[in-house]
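Here the structure is laid out as structure tokens; the discussion comes afterwards.
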Amino acid sequence: MQPDISVKHLSKVYGDGFQALKDINLEIRRGEIFALLGPNGAGKTTLISIICGIVNPSSGEVKAAGHDIIKDYRMARRTIGLVPQELNTDSFETVWNAVSFSRGLFGKPPKPAHIEKVLKDLSLWGKRNNRIMSLSGGMKRRLMIAKALSHEPQILFLDEPTAGVDVELRRDMWEMVRKLREHGVTIILTTHYIEEAEEMADRIGVIRNGEIILVEDKARLMTKLGKKELRLQLQQKLDKIPGELTLEPVELSDDGYELIYTFDSQQEQAGVARLLRTLGDLGIDYRDLQTRESSLEEIFVGLVHE
Ligand SMILES: Nc1ncnc2c1ncn2[C@@H]1O[C@H](COP(=O)(O)OP(=O)(O)O)[C@@H](O)[C@H]1O
Ligand SMILES: [Mg+2]
130 MQPDISVKHL
140 SKVYGDGFQA
150 LKDINLEIRR
160 GEIFALLGPN
170 GAGKTTLISI
180 ICGIVNPSSG
190 EVKAAGHDII
200 KDYRMARRTI
210 GLVPQELNTD
220 SFETVWNAVS
230 FSRGLFGKPP
240 KPAHIEKVLK
250 DLSLWGKRNN
260 RIMSLSGGMK
270 RRLMIAKALS
280 HEPQILFLDE
290 PTAGVDVELR
300 RDMWEMVRKL
310 REHGVTIILT
320 THYIEEAEEM
330 ADRIGVIRNG
340 EIILVEDKAR
350 LMTKLGKKEL
360 RLQLQQKLDK
370 IPGELTLEPV
380 ELSDDGYELI
390 YTFDSQQEQA
400 GVARLLRTLG
410 DLGIDYRDLQ
420 TRESSLEEIF
430 VGLVHE
């Protein structure tokens, strides 16, 4: 199946000579949630602004649902909804009018039943006659999503949807995004919160200094780059790691009461059995043990440092 978004050899040099994107290649599949993860200034907003036709590319080719974003601008733009990073909501307009008007901007005929559905899905129906400026912060965020969905786009971009948002609203947003995906909408969100990518994404692309340094299924990323850790709380203090274990990836805690064994989560766990057998042979008893997998955060920090 053709990808919903296809980006080939895309570069962007801003007017002041700053190169914000360097030879980006990326495909987004229909119906997935793709998280573009990267620190501030990495180029996330630049990339999605180009795909959405707001910023001009310097070179390269971008297609949305098969339509070239420059040669076939109108068709490309119709397939896309964008919830921008900056909310622009100091308006006297009512919720209903703003969302209906937004649909008109994409050349779509009025469809009150769709606007009604969008407002109901986003819990804004009760506020449809209220002025935008009177809404709470959370409602304004929802309104931005309603506007982005007004013309029934196949692809929805959310630029830092939960930056500066409280925990409860963040959960709500995640819930909404999942519901949209269930309805077949392709979702691309940018974030600098690793937690968000870990919670939401089917696939993750990591961007740094204008370059995509990795694109991977979330699950595969976690097993491929993840580590597991086994911690053993000892009955008796050890002064140093016994000679029999010096070739194993084992560390001793500062207080001498804990052994920490780190292993690759892809490898089979033969090493753990071997470790426990050796401890048994040496007469080293332990009170308790736990295993732990590395989080995406640890993987990410490792990647960005490489
Ligand atoms: N209009 C512009 N002119 C010059 N530089 C820009 C412009 N917009 C963004 N930049 C620079 O491009 C880089 C990427 O910005 P941006 O795409 O907003 O990153 P992100 O969204 O990942 O935080 C930053 O260094 C930023 O300062
Ligand atoms: Mg940004």
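Residues 130 to 435 (the working numbering) are what the sequence shown spells out, left to right.
Glycine residues also receive a C-beta, built at the ideal position from the N, C-alpha and C atoms.
All values derive from a computational prediction rather than experimental measurement.
Nearest-angstrom Cα separation, counted from Ala205 out to Val191:
Translated into positions along the sequence shown, residue 191 becomes position 62. Translated into positions along the sequence shown, residue 205 becomes position 76. Distance between the alpha carbons of Val191 and Ala205: 10 Å.
Identify every run of the beta strand (DSSP E) within the region 245-299, keeping only runs that are complete inside it and at least 3 residues long; order them along the chain.
Counting whole runs of 3 or more residues, the region 245-299 contains the beta strand (DSSP E) stretches 284-288.
Around the Cβ of Arg300, are there at least 16 other Cβ atoms within 10 angstroms (buried) or fewer (exposed)?
By 1-based counting over the sequence shown, the position of residue 300 is 171. Answer is exposed; the Cβ neighbour count stays below 16.
Report yes or no: do three or more beta-carbon pairs, one from the region 165-183 and one from the region 259-267, lie closer than 8 Å?
no
Distance between Lys347 and Pro129 (C-alpha atoms, nearest Å):
In the structure displayed, the chain extends from 130 to 435; residue 129 sits before or after that span and is not available.
Stretch pair the region 272-285 + the region 217-234: three plus CB contacts closer than 8 Å
yes
For Lys141, which three-state DSSP category applies?
Indexing the sequence shown from 1 puts residue 141 at position 12. Correct three-state label for Lys141: strand.
Just checking my contact of Lys366 with Tyr390 at CB under 8 Å: how many whole Å lie between their CB atoms?
Residue mapping note: residue 366 aligns to position 237 of the sequence shown, counting from 1. Residue mapping note: residue 390 aligns to position 261 of the sequence shown, counting from 1. That belief does not hold up - the Cβ atoms of Lys366 and Tyr390 are roughly 18 Å apart, past 8 Å.
Is Asn169 near ligand 1, in the sense that its beta carbon is under 8 Å from a heavy atom of that ligand?
Start at 1 with the first residue of the sequence shown, and residue 169 comes out as number 40. For ligand 1, at least one heavy atom lies less than 8 Å from the Cβ of Asn169.
Closest by CA to Glu297, which one among Arg421, Ser188, Gln419 and Gly267?
Within the sequence shown, numbered from 1, the residue matching residue 297 stands at position 168. The shortest C-alpha separation from Glu297 is found at Gly267.
Between Ile183 and Asp383, what straight-line distance do the alpha-carbon atoms span, to the nearest angstrom?
Taking the first residue of the sequence shown as 1, we reach residue 183 at position 54. Taking the first residue of the sequence shown as 1, we reach residue 383 at position 254. Taking the straight line joining both Cα atoms gives about 55 Å.
Assigned secondary structure, Ala164 (DSSP; H/G/I helix, E/B strand, else coil):
Residue 164 sits at position 35 when you count from the first residue of the sequence shown. Correct three-state label for Ala164: strand.
Residue interval of the beta strand (DSSP E) (run including Gly210):
As a working note, residue 210 is residue 81 in the sequence shown. Counting along the chain, the beta strand (DSSP E) containing Gly210 begins and ends at Ile209 to Val212.
If you draw a straight line from the C-alpha of Ile100 to the C-alpha of Ile198, how long is it?
Because the chain spans 130 through 435 in this model, residue 100 falls outside it and cannot be assessed.
Determine the direct distance from the alpha carbon of Ser423 to that of Asp393, and round the result to whole angstroms.
For the purposes of this step, residue 393 is identified with residue 264 of the sequence shown, where counting begins at 1. For the purposes of this step, residue 423 is identified with residue 294 of the sequence shown, where counting begins at 1. Using only the alpha carbons, I get a separation of about 10 Å.
Neighbourhood of Asp417 by C-beta distance below 6 Å, restricted to the same chain and skipping five residues each side:
Here residue 417 corresponds to residue number 288 of the sequence shown, with the count starting at 1. Cβ neighbours of Asp417 beyond the five flanking positions: Gln362.
Sheet register partners of Ile336 (DSSP bridge)
Taking the sequence shown and counting its residues from 1, the one referred to as residue 336 is at position 207. According to DSSP, which records beta bridges pairwise, Ile336 is partnered with Ile341.
Tell me whether the region 248-257 and the region 314-322 touch, counting them as touching only if at least three CB pairs, one residue from each stretch, are closer than 8 Å.
no
Determine the closest residue to Thr291 out of Asn154, His196, Glu328 and Leu350, with distance taken between C-alpha atoms.
The count along the sequence shown starts at 1 and reaches residue 291 at position 162. Cα-wise, what sits closest to Thr291 is Glu328.
From the DSSP secondary-structure annotation, give me the bridge partner or partners of Ser135.
Translated into positions along the sequence shown, residue 135 becomes position 6. Note: Ser135 sits in a beta bridge opposite Glu156 and Lys192.
I'd like the list of long-range same chain contacts for Leu350, defined as Cβ closer than 7 Å, with 5 residues on each side in sequence excluded.
Looking up residue 350 in the sequence shown gives position 221. Result list for Leu350: Ile333 and Ile428, in chain order.
Is Leu165 near Val136, with beta carbons less than 9 Å apart?
Against the sequence shown, residue 165 aligns to sequence position 36. Against the sequence shown, residue 136 aligns to sequence position 7. It is not a contact, given that the beta carbons lie outside the stated cut-off.
What is the C-beta distance between Leu211 and Phe163, in whole angstroms, given that I count them as a contact (C-beta under 8 Å)?
Start at 1 with the first residue of the sequence shown, and residue 211 comes out as number 82. Start at 1 with the first residue of the sequence shown, and residue 163 comes out as number 34. Incorrect: roughly 15 Å between the Cβ atoms, too far for contact.
Does ligand 3 have a heavy atom nearer than 8 Å to the CB of Lys353?
Among the ligands in the structure shown, ligand 3 does not appear; only ligand 1 and ligand 2 can be found there.
If contacts are defined as beta-carbon pairs under 8 Å, then Gly339 and Ala149 qualify, I think. What distance do you get, rounded to the angstrom?
Sequence index remark: in the sequence shown, residue 339 carries index 210 (1-based). Sequence index remark: in the sequence shown, residue 149 carries index 20 (1-based). That belief holds up - the Cβ atoms of Gly339 and Ala149 are roughly 5 Å apart, short of 8 Å.
Name the two residues that bound the continuous beta strand (DSSP E) containing Ile180.
For the purposes of this step, residue 180 is taken as the residue at position 51 of the sequence shown. Careful: Ile180 lies outside any beta strand (DSSP E), inside the alpha helix (DSSP H) at Lys173 to Ile180.
Secondary structure of Lys353, DSSP reduced to three states:
As a position in the sequence shown, residue 353 is number 224, starting the count at 1. Helix, per DSSP.
Comparing C-alpha positions only, which one of Leu264, Thr208, Thr407 and Ile180 sits nearest to Trp225?
In the sequence shown, counting from the first residue as 1, residue 225 sits at position 96. Minimum Cα distance to Trp225 is reached at Leu264.
Would you say Asp133 and Pro213 are within 9 Å of each other, going by their C-beta atoms?
Walking along the sequence shown from the start, residue 133 turns up at place 4. Walking along the sequence shown from the start, residue 213 turns up at place 84. Going by C-beta atoms, Asp133 is not nearer than 9 Å to Pro213.
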